[in-house]
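Position one of the sequence shown corresponds to residue 1 (full-length UniProt numbering), numbered consecutively onward. Taking it in order: structure first as structure tokens, then the write-up.
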Amino acid sequence: MAVSLGFGPADLARCRFAVSPAFETLSAIRDATGSQGPGAHGRWLESVRPALPGLGLDPIVLLQPRRGYTPDFLAPPPTAPVGDFDAELTRIAATPAPVVRREIELALRYAPPGSRDTPTGRLLLGDPAEVLSLLTQLIRAAWQTLVAPHWPRIRALLEADVAHQSRRLAEGGLDALFADLHPTVHWTGDTLIRDPGGDEHHDLDGRGLILMPSAFKWDEVIVITDPPWQPTLVYPARGLGNAFEPRRGTPAAALTRLVGRTRAHLLTGLDEPASTSRLAHRHALALGTVSEHLGVLRDAGMVVGERHRHEIRYRRTELGDRVVEGR
């Protein structure tokens, strides 16, 4: 659903950036177990997929419907610029039993029909203290397996995004910040709009806004407005297309040597059609740079641009697919 956020004078002074390892872990679980494409995370997904069956993540998967409500206690609002995972997990483990039961009940309303009567559903509706202990253990296991081995690179990516956006804010205020934050976000001077349109409006009323870049929430911008969260905008971090570099000796590494790093990243990142602006954000490049490289790839027959409503989206051709796959 489209969302708009109305800013008042007090809100302008209460905008801050934050990074949450617990939120990244929940998003990584969704990416690893969902039906959506891998986006920029194909190499990461390939590396973690063998470990997924042994993690037993079904309870958390059921609590994260693709559309609907995910319990807030599974990833509490960030309190520090860069959260510490152990500290966040301690906060999760301290959730009062009534909150656990209430939020699980709400999440299950959005689960597939009959989910409450499945073994996993019945497990989640058991004793809240025991359920919380189980979920805490699963989040820790997911962190250790899916995220922690890659955290130095992910953290560097997120901190680089925060540094870039902070410079934009310092140099040009909110006008400059929101012009660059993500292609689906637009600023009107006192209202922030996440496309398409403005079906749901919230005035911030002096609460300000947390801006939270994410490495694993790669496919959309989400807005959180319900307590206990301060209003929060979660957006894909810049440069996600470069987050997981190809290993030496792989077809992707050979492609990099053949056509250059930037063109290789653009080509391998086109698992789904994307506009020039989305590719620029994903790879932390200027629009003109992306257009130039896409022109070369188009002339070589590896990509093609097709009109989709008001924009041109690029996709790989059959030749492009064969080059990426090393065939």
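Where is the CB? At the ideal position from N, CA and C, for every residue including glycine. For clarity, every value in this text was computed on a predicted model and none was experimentally measured.
Check, Outcome
"Span of the alpha helix (DSSP H), counted from its first residue to its last, around Pro213", "Careful: Pro213 lies outside any alpha helix (DSSP H), inside the beta strand (DSSP E) at 209-214."
"Same chain, Cβ closer than 7 Å to His150, five either side skipped, listed in chain order", "Trp44"
"Collapsed DSSP secondary structure at Ala87 in the structure displayed", "helix"
"For His201 and Thr184, the rounded distance between their alpha carbons", "16 Å"
"Local conformation of residue 335 per DSSP, three classes", "Only positions 1 to 327 of the chain appear in the structure, and residue 335 is not among them; the question remains open."
"Test item: CB-CB of Pro78 and Asp161 under 8 Å", "no"
"Buried or exposed by the 16-neighbour rule on C-beta atoms within 10 Å, applied to Ala87", "exposed"
"Minimum C-alpha distance to Arg309 - residue among Pro65, Thr136, Ser275, Gly114", "Ser275"
"Contact belief for Leu204 with Gly6 at Cβ below 8 Å, rounded distance in angstroms", "6 Å"
"Simplified DSSP assignment, three categories, for Trp229", "coil"
"From Val19, Leu57, Val296, Arg16, residue whose alpha carbon lies closest to that of Thr33", "Leu57"
"Enclosing beta strand (DSSP E) for His308 [first to last residue]", "303-308"
"Separation of Pro112 from Leu157, as counted between CA atoms", "35 Å"
"Nearest residue (CA-CA) to Phe216, options Pro71, Leu209, Arg282, Arg109", "Arg282"
"Assigned secondary structure, Glu272 (DSSP; H/G/I helix, E/B strand, else coil)", "coil"
"For Pro50, the nearest candidate out of Thr145, Ala97, Pro71, Val324 (CA to CA)", "Thr145"
"Integer-rounded CB distance, given that Leu62 should sit under 8 Å from Gly126", "14 Å between Cβ atoms; not a contact."
"Alpha-carbon to alpha-carbon, Ala280 and Thr268", "14 Å"
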